[in-house]
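I have placed the structure first, in the form of structure tokens, so that the comments after it can refer back to it.
Numbering (this note's numbering), first residue to last: 11 to 205.
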């Protein structure tokens, strides 16, 4: 379980996707908490398991399912990624509850500066719109954000300077694929309603 508050930006040291599987090694500098083999780490909002680590280098295996449903398949050496460690008992929940399970891919339409902030427009798939509300929470590449406006399949999100500087949002380009996780509670409410 995560909160959508990014703690670090990591750098991909190796992304090896071949017939035998997919291995990812990420360099993460100065993690403040103790991370052990078997622990979860959210990479761009995707919950992955630490298989081994050596100093600042963390190793993960990406399953075929993860590669199919997330934007992690687009990673390459030297890509930057958002890092969040799992929620602990003594950690503030500053964002919203995020599971690290990607629901859909979105596409960055534009990112433009507006005064001291940035306006991010992301196009999402039609089938997830029912889970998204104006002024509700959404996770984009693991970042907890508030939806300012919805127009058709386009979401408007305002990015404050702290979020811009401390996440990979500053590297976004038009057309880039991003991981989307909708509000966890809204999915469960729909299931209860339909059961």
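For glycine and all other residues, C-beta sits at the position ideal for the given N, C-alpha and C.
Whose C-alpha, out of the options, is nearest the C-alpha of residue i?
i, options, result
"residue 135", "62, 129, 113", "113"
"residue 47", "139, 174, 71, 143", "71"
"residue 196", "173, 129, 109", "109"
"residue 26", "20, 34, 19", "34"
"residue 123", "174, 142, 107", "174"
"residue 28", "77, 65, 89", "77"
"residue 144", "171, 18, 165", "165"
"residue 121", "178, 20, 81", "178"
"residue 41", "180, 66, 61, 32", "66"
"residue 125", "102, 170, 39, 68", "170"
"residue 62", "90, 37, 79", "37"
"residue 138", "128, 118, 200", "200"
"residue 80", "104, 111, 89", "111"
"residue 140", "102, 119, 64, 162", "162"
"residue 181", "90, 15, 30", "90"
"residue 127", "31, 30, 98, 167", "167"
"residue 23", "102, 64, 172", "64"
Which residues mark the beginning and the end of the beta strand (DSSP E) in which residue i is found?
i, result
"residue 166", "164-169"
"residue 94", "90-94"
"residue 37", "31-37"
"residue 60", "Counting along the chain, residue 60 falls outside any beta strand (DSSP E), and DSSP gives it neither H nor E."
"residue 116", "114-124"
"residue 177", "Residue 177 -> no beta strand (DSSP E), and no H or E assigned at all."
"residue 71", "67-71"
"residue 187", "187-191"
"residue 133", "127-133"
Given a threshold of 16 other Cβ atoms within 10 Å of its Cβ, counted over all protein chains shown, does residue i qualify as buried or as exposed?
i, result
"residue 202", "exposed"
"residue 198", "exposed"
"residue 185", "exposed"
"residue 87", "exposed"
"residue 92", "buried"
"residue 59", "exposed"
"residue 13", "buried"
"residue 106", "buried"
"residue 116", "buried"
"residue 18", "buried"
"residue 39", "exposed"
"residue 68", "buried"
Could you check where the alpha helix (DSSP H) with residue i kicks off and where it finishes?
i, result
"residue 198", "194-204"
"residue 79", "74-79"
Rounded C-beta distance between residue i and residue j? I'm assuming under 8 Å.
i, j, result
"residue 251", "residue 50", "Outside the displayed range of the chain (11 to 205) lies residue 251, so it cannot be described from this structure."
"residue 21", "residue 84", "Going by Cβ atoms, the distance from residue 21 to residue 84 rounds to 15 Å, so no, they are not a contact pair."
"residue 142", "residue 118", "Not a contact, Cβ separation roughly 16 Å."
"residue 100", "residue 15", "No, residue 100 and residue 15 are not in contact; Cβ-Cβ is about 14 Å, not under 8 Å."
Just to check, is the beta-carbon of residue i closer than 7 Å to a non-hydrogen atom of the ligand FMN?
i, result
"residue 175", "This structure lacks the ligand FMN, and indeed carries no ligand of any kind."
Exercise for review: Answer yes if the stretch 187-200 comes into contact with the stretch 140-157, meaning at least three C-beta pairs across the two stretches below 8 Å, and no otherwise.
Suggested key: yes
Review point. Pairing CB atoms from the stretch 152-169 with CB atoms from the stretch 46-63, are three or more of them under 8 Å?
Key: yes
Review point. Is it true that the stretch 62-78 meets the stretch 119-136, where meeting means three or more beta-carbon pairs spaced less than 8 Å apart?
Key: no
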